[in-house]
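Notes follow the structure.
Structure below.
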């Protein structure tokens, strides 16, 4: 965002992190003698909630702080909740985004056995020829503000969010199967 991180310290800035999966918690348990190396940080360090809370702690942010796990829509839901919080006046700005790290093979193996992954490695959302999805990893965050606040502060504005909405697919052919009608309704 091009602003000093220290300028956010002690202010009502929210942290909304879309995060799912438990790969990180599985990494250290693969070697002998693991249990003797457990320390006080293992419990909090492996909690998904700590992803947002760590940002708030390190940056001294005083707004709402939460991790959101809604599978593939986690980062989008994080942005949706941040926008709602800004509109409700719960915070003056919000960091919102998501993170995914593929660190162990278990989830990929399970998804492959469930035939959730695209055999040709191609994502085709909203396409009748879609045959699964492709796992990916990365991290992205946005600094969101109300438009009037961003203009007042002289911020560089890259875009505006006019609206957001959410729903759930309900009963489908399987718990992970998308429901096009429900997705169009939102």
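Residue numbers (my numbering): 4 to 189. Don't be surprised by glycine CBs; every beta carbon is placed ideally from N, CA and C.
When burial is assigned at 16 or more other CB atoms within 10 Å of the CB, is residue i buried or exposed?
{"i": "residue 44", "result": "exposed"}
{"i": "residue 139", "result": "exposed"}
{"i": "residue 98", "result": "buried"}
{"i": "residue 96", "result": "buried"}
{"i": "residue 162", "result": "exposed"}
{"i": "residue 100", "result": "buried"}
Look at residue i and residue j and say whether their C-beta atoms are less than 8 Å apart.
{"i": "residue 120", "j": "residue 129", "result": "no"}
{"i": "residue 5", "j": "residue 159", "result": "yes"}
{"i": "residue 89", "j": "residue 147", "result": "yes"}
{"i": "residue 26", "j": "residue 107", "result": "yes"}
{"i": "residue 209", "j": "residue 189", "result": "A question about residue 209 goes unanswered here, because the residues of the chain that appear run from 4 up to 189."}
{"i": "residue 20", "j": "residue 54", "result": "yes"}
{"i": "residue 22", "j": "residue 74", "result": "no"}
{"i": "residue 135", "j": "residue 122", "result": "yes"}
{"i": "residue 185", "j": "residue 173", "result": "yes"}
{"i": "residue 145", "j": "residue 82", "result": "yes"}
Thinking residue i and residue j are a contact (beta carbons under 8 Å), I'd like their distance in whole angstroms, please.
{"i": "residue 102", "j": "residue 164", "result": "In fact, because the Cβ distance is near 20 Å, the residues do not count as touching under 8 Å."}
{"i": "residue 93", "j": "residue 66", "result": "7 Å"}
Determine the DSSP secondary structure at residue i, reduced to helix, strand or coil.
{"i": "residue 58", "result": "helix"}
{"i": "residue 12", "result": "coil"}
{"i": "residue 1", "result": "Because the chain here runs from 4 to 189, residue 1 falls outside it and cannot be looked at."}
{"i": "residue 36", "result": "coil"}
{"i": "residue 75", "result": "helix"}
{"i": "residue 176", "result": "coil"}
{"i": "residue 52", "result": "coil"}
{"i": "residue 28", "result": "helix"}
{"i": "residue 45", "result": "helix"}
{"i": "residue 189", "result": "coil"}
{"i": "residue 145", "result": "strand"}
{"i": "residue 133", "result": "coil"}
{"i": "residue 22", "result": "strand"}
Contact between the segment 11-29 and the segment 51-69: three or more CB pairs below 8 Å? yes
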